[in-house]
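Chemist:
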Amino acid sequence: MTNRFTLKVRLLALLLLTAACAAAQTTPAEIAENPERAAGIYHSYEYLPGPAAPVPAGYTPFYISHYSRHGSRYHASASTYTEPLEILRKAAGEGILTPKGREVLAKAESLAAGAEGRYGDLSPRGVAEHRAIAGRMYAAYPAVFSTRKGRVCRIESRSTQVPRCMLSMAAFNERLKELNPAIRITRDASVRDFGYMAYGPSMSASSAAALKVADSLFGARMNPGRVMKSLFTDPAGIGDPVKLMRQLYILTSVIQDADHLGIEPFYDIFTDRDLYDLWACENVRRYLQMGPSARFGDPIVADAKSLLRNIVETAREVVEGRSDLAASLRFGHDVFVIPLVALLGVEGASARVESLDDVASAWSVEKVSPMAANVQFVFFRNAKTGDVRVRVLLNERDARLPVAGGPYYPWKDLEQYCESLYE
17 MTNRFTLKVR LLALLLLTAA CAAAQTTPAE IAENPERAAG IYHSYEYLPG
67 PAAPVPAGYT PFYISHYSRH GSRYHASAST YTEPLEILRK AAGEGILTPK
117 GREVLAKAES LAAGAEGRYG DLSPRGVAEH RAIAGRMYAA YPAVFSTRKG
167 RVCRIESRST QVPRCMLSMA AFNERLKELN PAIRITRDAS VRDFGYMAYG
217 PSMSASSAAA LKVADSLFGA RMNPGRVMKS LFTDPAGIGD PVKLMRQLYI
267 LTSVIQDADH LGIEPFYDIF TDRDLYDLWA CENVRRYLQM GPSARFGDPI
317 VADAKSLLRN IVETAREVVE GRSDLAASLR FGHDVFVIPL VALLGVEGAS
367 ARVESLDDVA SAWSVEKVSP MAANVQFVFF RNAKTGDVRV RVLLNERDAR
417 LPVAGGPYYP WKDLEQYCES LYE
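Numbering (this note's numbering), first residue to last: 17 to 439.
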């Protein structure tokens, strides 16, 4: 990459920095408006259309490259359900639950029963999320999926070997086939692809240290006294009240992801301030664990280089006519969505802050990687000139990159920029 190109990228990055923080910030008002947003990484997919961006005249979409997190799921660990439930059961046996405590216990019992034997599984809402995203993709770019006049539409779908990812892939593919049965789709879920689909050694190496730093915030910022008094007539013997407060917050957060169970969430045990503070602490937790933090983020973000390389090299074959693919669909996990968009420098997803107090104003996990989070590279070609442009979307909204020419980036510039990130 030339020095001139490097300077251009850096200048654009600086110009976008202030706007990026504003775009990323989750405000108390947003959470008060919709408490489900406080769930952070457990927030189910919330489709929020972005501003219109008309396709430049003369350009037609011909290829889509995509990476998605699995859809909404049950909590992955039985202990997430059983640990707070055991405390509530014990309190019930001792006769120290308030009426609100008994209400929360009943809901926790229903949640645990609905999740038993299904830990980490894709929920019906997760299936619906991927079907809906596939339907909108098909409607937005019909030329990519067309089989008119004998055109062959060939799609390669890949997922990790985790069942929720394979079922997300199946839901997405099924919807495309319903819309056009002539589409040809091959599916694969192989350990061979694990290196660029999900494997993040740096996150694994630093996770314990990162979570230790993040979890100290809950003790420093949370005041669980009011919540405990609302649930227990005698909260003195319940153990660690801060831990229980967080466990109950995590437990009610997953209700939206398993909404087929018909259980009402119990966000009402928290004040608006409680809920925002819980979100902020959990947001820091995920930022340090898998985001672009100043302390832990560099190697974690670098783990996404293999995925970006695969996206670019596969696309290059299509652009140069060496592949007839219409779409490359990949289904994996948040642990690669978050580093990928940070590596790309996406506005609102790549802020690198020093102080934990600044995280909430610069990065919001439910905006970067809710359930079914997705990154789409949509390729357009001008039939007369042969010029190729690329629209990059995060969760179906234009992703602003430190590259000139957006939202329809010149492919050669975007290709050069991406190569500079992983070479």
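Just so it is clear, CB atoms sit at the ideal spot from N, CA and C, and this is done for glycine as well.
From the DSSP output, which residues share a beta bridge with arginine 200?
Modeler: In DSSP, arginine 200 forms a bridge with Arg170.
Chemist: Per DSSP, which residues does histidine 82 bridge with? Please list them.
Modeler: Its beta-bridge partners are Leu345, Gln392.
Chemist: Return the CA-CA distance between leucine 341 and arginine 170, expressed in angstroms with no decimal places.
Modeler: Computed Cα separation, rounded: 5 Å.
Chemist: What number of angstroms, rounded off, separates the C-alpha of histidine 349 from the C-alpha of serine 84?
Modeler: Roughly 7 Å between the two C-alpha positions.
Chemist: Under 6 Å Cβ to Cβ from aspartate 204, same chain only, skipping five residues before and after it: list those, please.
Modeler: Counting only Cβ-Cβ distances below 6 Å, and skipping sequence neighbours, we find Arg174.
Chemist: For a test of the three-state rule: what should DSSP assign to proline 115, helix, strand or coil?
Modeler: Helix.
Chemist: Leaving out five residues on either side along the sequence, give the residues of the same chain with a beta carbon under 6 Å from the beta carbon of alanine 343.
Modeler: Contacts found: Ile80, Ile171.
Chemist: Out of curiosity, what's the CA-to-CA distance linking glycine 222 and glycine 313?
Modeler: Sequence inspection shows serine at residue 222; the glycine mentioned does not correspond to that position. Approximately 9 Å, taken between the alpha carbons.
Chemist: Keeping to the same chain, check which residues put their C-beta closer than 6 Å to that of tyrosine 1; ignore five residues upstream and five downstream.
Modeler: Because residue 1 is not part of the residues shown, which for the chain are 17 to 439, the question remains open.
Chemist: Is phenylalanine 248 helix, strand or coil when you go by DSSP?
Modeler: Reduced to three states, the DSSP call for phenylalanine 248 is strand.
Chemist: Report the rounded CA-to-CA distance for proline 257 versus alanine 365, giving the unit in angstroms.
Modeler: Approximately 33 Å between the Cα atoms of the pair.
Chemist: So, is histidine 146 buried or exposed, given that buried needs 16 or more other C-beta atoms within 10 angstroms?
Modeler: Per the 10 Å Cβ criterion, buried.
Chemist: Can the beta-carbon of threonine 163 be found closer than 8 Å to that of isoleucine 201?
Modeler: Against a cut-off of 8 Å, the Cβ pair of isoleucine 201 and threonine 163 comes out as no contact.
Chemist: Under 8 Å between the Cβ atoms of valine 369 and alanine 378?
Modeler: Taking 8 Å as the Cβ cut-off, valine 369 and alanine 378 qualify as a contacting pair.
Chemist: Distance, Cα to Cα, methionine 244 vs serine 371?
Modeler: Straight-line Cα distance between these residues: approximately 30 Å.
Chemist: For isoleucine 354, verify whether its CB is less than 7 Å away from any heavy atom of the ligand COA.
Modeler: By its list of ligands, the structure shown contains no ligand whatsoever, and the ligand COA lies outside what it can speak to.
Chemist: How about arginine 262 and phenylalanine 286: do their beta carbons lie closer than 8 Å?
Modeler: No, Cβ-Cβ distance for arginine 262 and phenylalanine 286 is not below 8 Å.
Chemist: Would you mind sorting arginine 208 into buried or exposed? The rule is 16 or more other CB atoms within 10 Å of its CB.
Modeler: Its Cβ having fewer than 16 others within 10 Å, arginine 208 is exposed.
Chemist: Could you check what DSSP says for threonine 401 in three-state terms: helix, strand or coil?
Modeler: Coil.
Chemist: Go through the segment 302-363 residue by residue and report every complete run of the beta strand (DSSP E) that reaches 3 residues or more, in order.
Modeler: Fully enclosed beta strand (DSSP E) runs of 3 or longer: 341-348.
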